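Please read the structure below before turning to the comments.
There are 2 protein chains.
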Amino acid sequence: MLNFSYRNPVKVVFGTGSIAGLGKEVPAGSRVLITYGGGSIRTTGTLDEVKAALSGQTVFEFGGIEPNPSFETMMRALDVVRAENIDFILAVGGGSVMDGSKFLAAAACHDGDAMDILRTRGRCVKQALPLGVVVTLAATGSETNNGGVLTHLATHAKTAFSSPLMFPRFAIMDPAKTLTLPVRQVSNGVVDAFVHVVEQYLTYPVNGKIQDRFAEGILLTLIEEGPKALSQPDDVDVRANLMWAASQALNGLIGAGVPQDWATHMLGHELTAAHGLDHAQTLAIVLPAMLEERREAKRDKLLQYAERVWGIGPTGDGADDDSRISAAIMKTRDFFERMQVPTRLSAYGIGAEAIDHLVSQLEAHGMVKLGERQAVTPDISRRVYEACLQ
Amino acid sequence: MLNFSYRNPVKVVFGTGSIAGLGKEVPAGSRVLITYGGGSIRTTGTLDEVKAALSGQTVFEFGGIEPNPSFETMMRALDVVRAENIDFILAVGGGSVMDGSKFLAAAACHDGDAMDILRTRGRCVKQALPLGVVVTLAATGSETNNGGVLTHLATHAKTAFSSPLMFPRFAIMDPAKTLTLPVRQVSNGVVDAFVHVVEQYLTYPVNGKIQDRFAEGILLTLIEEGPKALSQPDDVDVRANLMWAASQALNGLIGAGVPQDWATHMLGHELTAAHGLDHAQTLAIVLPAMLEERREAKRDKLLQYAERVWGIGPTGDGADDDSRISAAIMKTRDFFERMQVPTRLSAYGIGAEAIDHLVSQLEAHGMVKLGERQAVTPDISRRVYEACLQ
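Protein chains in written order, with my numbering: chain A, 140 to 529; chain B, 140 to 529.
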């Protein structure tokens, strides 16, 4: 096991009806800015429920945070924070709203250009407004971590940032709130959480047994419950397991003390930036190709993954580990397809002519030594993109 | 899954050599009381290492905290805290030192009789001194939770207490520090962590899939690594896995959103109080008998445990679930024996004549409706004790 430091102070309040307890978590007398996305929380009644729970606070609203939240949108939210002397930010939504609101909380306390926060990937943050979140989508795990990703529309750059000051104070997680989501968001969430785990698990062995078992446990849960969310869309217990799985996938725990990859995410970010694909769609496309490309470097963990996650154990004669690895990668792809997220660029109308630009953007963003051993060069990234085509 | 609230703010600094970073975690200029146990940290050099890392702080010492730490001893430590105006407590040791120091941190800020803290099981705690811990023993998980158990020597009562204010600020976890432990403490630690998991896992199903998978992952790790700690006593990586497993076993995570039992612990506490057995010894004795007694109430989870933890799956003809449960309980007992912790009262020279007193003490301490369904009455506890004899 590698040495590590781990801390996660987020208070989780989990369960159906948990929004009712929101008022206790936000200091009385606060000036609260509720941030949200496209407005579905209005039609579902969640916004009213949130406001009803905040009777001791003064409430303002900022809606319209887009999927892949933009720097530009959050700068408009910052105007509201300043104009209304906001002292508490309450993000109500999924990963985009939460990520954008983390940036906002830091920007509100930042002297100088808020772009510094992206430029330094969060390292310049010395202070942030307190932030709470009400989760309406199980996917990114943003509710229990201190990082986010923002898109700068002017340059098409997606930048990840983090700071210990960006942990939410609390995360209200009501799985019933995810029952009204469109299928596409449910599917994307399962794929997103799955790939988050894989990025921290499928590297090389360091004998981190708890981390491996926990990672495998999350993957097994996603494999069991993900398809049920599609076939039994009213089952709140399925949603509860998916919501807790997604949170555990990226709260830092399974990644503490083990190597991490994240090359799939970096290649995926360029696909979103250039072609507007959903984040999870890009991961479903890139991951199988990335695993094929790096099957030798990841050999030991791929065999463990095959056995423990997909039940593809040794045959007894010890032969044909390569077939087991191929089968595990195939099962991974099939799972994404079963979740209705296509895994090839052709399904999204993207052809070989797109690849030069994607690779040059990786280079422009400094993504030239990716993966757990910094071995994924632009040439390798190109091969992965090519393998994503058909 | 049940609704839950979960928060764990402890900062973990994990790995060989991590004590060197201690000075950064304790505020400069603090008046630090280092609390410890029997003095092995003097002979191993750990105390010197800790002091060397605290060069910017004024350091005092209080040693002699016993296994099953006593109220009486901690009251003497409280005298030192008051006499020296201590403003930071640093526990260096295992669960006993950490538990006692949690009480001490609260008692230092308590107006009135410190016994209130035990009487109210911690609920009266409104303030506590900051506490940090340096873990030298993987067992209780006390380093990453907010509870403890103290023995009142005058009445022979063991009382559990907890408070959100008793979380350590940080836990320095250096697995190399556990290499010098006597075999008995290593063995006890593995059994202790194992039973902590079982108390939160082997109840009745509520479809908490992540919790179950994580619990099973910890059990599998303890089963794999525990015996290695005896056969390969110099392997620091084995100790690292055991240390992280023990911490995850009782940091609240696997118990969030699921029923909990703890009857085995309550029966065990009386054995320690009356006969001085090590805590883990009492658990190794009581658990197999308790599982036998409650095999119908725990049927579904025992079958899951048999399959996922011990590889005793259905036979295909669907018959003989009872045999699978019996085999799983037998494997559990065998594991404890393999860890060199005897599982029958006779091995400790305790006979049937002890049982009346044990049951009456349970009653005296209000332990009359134990377990996840409050179904373990004194009559049932008596039967369990009787089954522990041979």
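Just so you know, even glycine gets a beta-carbon here, dropped at the ideal spot from N, CA and C.
Bear in mind that the values here come from a model prediction, so they are computed numbers and not experimental data.
In the DSSP assignment, find the beta strand (DSSP E) that holds Gly286 (chain A) and state where it starts and stops.
First-last of the beta strand (DSSP E) with Gly286 (chain A): 286-291.
Is the CB-CB distance between Val273 (chain B) and Leu161 (chain B) below 8 Å?
When the beta-carbon positions are compared, Val273 (chain B) and Leu161 (chain B) come within less than 8 Å of each other.
CB of Gly391 (chain A) within 8 Å of CB of Gly356 (chain B), strictly
The answer is no: Cβ separation not under 8 Å.
Please confirm whether Thr197 (chain A) and Glu205 (chain A) have their CB atoms less than 8 Å apart.
No; because the gap between Cβ atoms is not below 8 Å, this pair is not in contact.
List, in order along the chain, the chain B residues whose C-beta lies closer than 7 Å to that of Trp449 (chain A)?
Simply none; closest approach about 15 Å.
In three-state DSSP terms, what is Pro148 (chain B)?
DSSP places Pro148 (chain B) in the strand class (E or B) of the three-state scheme.
For Ala423 (chain B), which residues from the same chain have a beta carbon less than 6 Å from its beta carbon, with the 5 sequence-adjacent residues on both sides left out?
Leaving aside the five residues that flank Ala423 (chain B) on each side, the residues in its chain whose CB is nearer than 6 Å to its CB run, in chain order, Val330, Phe475, Val480, Thr482.
Beta carbon of Ala412 (chain A), beta carbon of Ala296 (chain A): below 8 Å?
When the beta-carbon positions are compared, Ala412 (chain A) and Ala296 (chain A) come within less than 8 Å of each other.
Along the chain, where does the beta strand (DSSP E) containing Ser301 (chain A) start, and where does it finish?
Segment 296-301, the beta strand (DSSP E) holding Ser301 (chain A).
Output yes or no for whether 8 Å exceeds the beta carbon distance between Leu172 (chain A) and Ile256 (chain A).
Cβ distance not < 8 Å, so Leu172 (chain A) and Ile256 (chain A) don't count as in contact.
Val231 (chain B) by DSSP, collapsed to three states: which one?
Here DSSP, grouped into helix, strand and coil, assigns Val231 (chain B) to strand.
Quick one: any contact between the region 333-348 of chain B and the region 344-355 of chain A, if contact means 3 or more CB pairs under 8 Å?
With fewer than three CB-CB distances shorter than 8 Å, the region 333-348 of chain B does not count as touching the region 344-355 of chain A.
Chain B partners of Ile468 (chain A), CB-CB under 7 Å?
None at all; the shortest Cβ gap to chain B is about 22 Å.
Can you grab the Cα-Cα spacing for the pair Thr183 (chain A) / Thr319 (chain A), in whole Å?
Near 8 Å, if we compare the C-alpha coordinates of Thr319 (chain A) and Thr183 (chain A).
Out of curiosity, what's the CA-to-CA distance linking Ile393 (chain A) and Gln339 (chain A)?
Answer to the nearest angstrom: the Cα atoms are 7 Å apart.
CB of Ile464 (chain A) within 8 Å of CB of Leu442 (chain A), strictly:
Yes, these two residues count as a Cβ contact at 8 Å.
Ala323 (chain B) by DSSP, collapsed to three states: which one?
Per the sequence presented here, residue 323 (chain B) reads as Arg, with Ala not at that position. Arg323 (chain B): helix per DSSP, three-state reduction.
Close Cβ partners of Arg378 (chain A) (< 8 Å) along its chain, the five nearest in sequence each way excluded:
Excluding positions up to five away in sequence, the list reads Ala277, Pro314, Ala315, Thr317, Leu318, Ala368.
Under a three-way DSSP split, which group does Phe143 (chain B) fall into?
DSSP places Phe143 (chain B) in strand when its eight states are reduced to three.
From the DSSP output, which residues share a beta bridge with Gly271 (chain B)?
Per DSSP, the beta bridge partners of Gly271 (chain B) are B:Leu229, B:Phe309.
Output, in sequence order along the chain, the residues in the region 464-497 of chain A whose CB is closer than 8 Å to any CB in chain B.
Listed by position along the chain: nothing, the set is empty.
To the nearest angstrom, report how far apart His408 (chain B) and Gln324 (chain B) are at their CA atoms.
Linking His408 (chain B) to Gln324 (chain B) through their CA atoms gives a straight-line distance of about 18 Å.
Under 8 Å between beta-carbons, which chain A residues line up against Tyr145 (chain B)? List them in chain order, please.
Going along chain A in sequence order, the residues near Tyr145 (chain B) (Cβ under 8 Å) are Lys150, Val151, Phe153.
Applying a beta-carbon distance threshold of less than 8 Å, which residues of chain B neighbour Leu352 (chain A)?
Inspection of the sequence shows that residue 352 (chain A) is occupied by Arg rather than by Leu. Here the neighbours are Arg352, Phe353, Glu355, Gly356, Ile357, Leu359, Thr360.
What are the start and end residues of each continuous beta strand (DSSP E) run of 3 or more residues lying completely inside the region 373-415 of chain B, in chain order?
Assignment of beta strand (DSSP E) within the region 373-415 of chain B, counting only whole runs of 3 or more residues, yields no such run.
Would you list, in chain order, the members of the region 364-382 of chain B that have their beta-carbon closer than 9 Å to a beta-carbon of chain A?
Against chain A - using a Cβ distance shorter than 9 Å - the residues of the region 364-382 of chain B are Glu364, Asp376, Val377, Ala379, Asn380.
Which residues does DSSP pair with Val515 (chain B) in a beta bridge?
By DSSP's assignment, Val515 (chain B) forms a beta bridge with B:Leu509.
When you compare the CB positions of Val498 (chain A) and Arg521 (chain A), do they come within less than 8 Å of one another, or not?
Judged by beta-carbon spacing, Arg521 (chain A) lies within the 8 Å limit of Val498 (chain A), meaning their Cβ atoms are closer than that value.
Please list, in chain order, the residues of the region 274-296 of chain A that have any C-beta partner in chain B closer than 8 Å.
Under the 8 Å Cβ criterion, the region 274-296 of chain A contributes no residue.
Measure the CB-CB distance between Thr174 (chain A) and Val236 (chain A) and report whether it falls below 8 Å.
A contact, by the Cβ cut-off of 8 Å.
In the DSSP output, which residue or residues are listed as bridge partners for Ser561 (chain A)?
No information on residue 561 (chain A) is available, as it lies outside the stretch 140 to 529 that chain A covers here.
So which residues of chain B does Asn224 (chain A) contact, with C-beta pairs closer than 8 Å?
Going along chain B, no residue has its Cβ under 8 Å from Asn224 (chain A), so there is no contact; the nearest lies around 29 Å.
Where the region 339-350 of chain A meets chain B: residues whose CB sits under 7 Å from a CB there
Those residues of the region 339-350 of chain A placed with their C-beta closer than 7 Å to a C-beta in chain B are Asn346, Lys348, Ile349, ordered along the chain.
DSSP three-state call for Thr454 (chain A): helix, strand or coil?
Note: Thr454 (chain A) maps to coil in three-state DSSP.
Check whether the Cβ of Ser157 (chain A) lies closer than 8 Å to any Cβ atom in chain B.
At least one CB atom of chain B sits nearer than 8 Å to the CB of Ser157 (chain A).
Alpha carbon to alpha carbon, how far is Lys150 (chain A) from Val149 (chain B)?
Roughly 12 Å between the two C-alpha positions.
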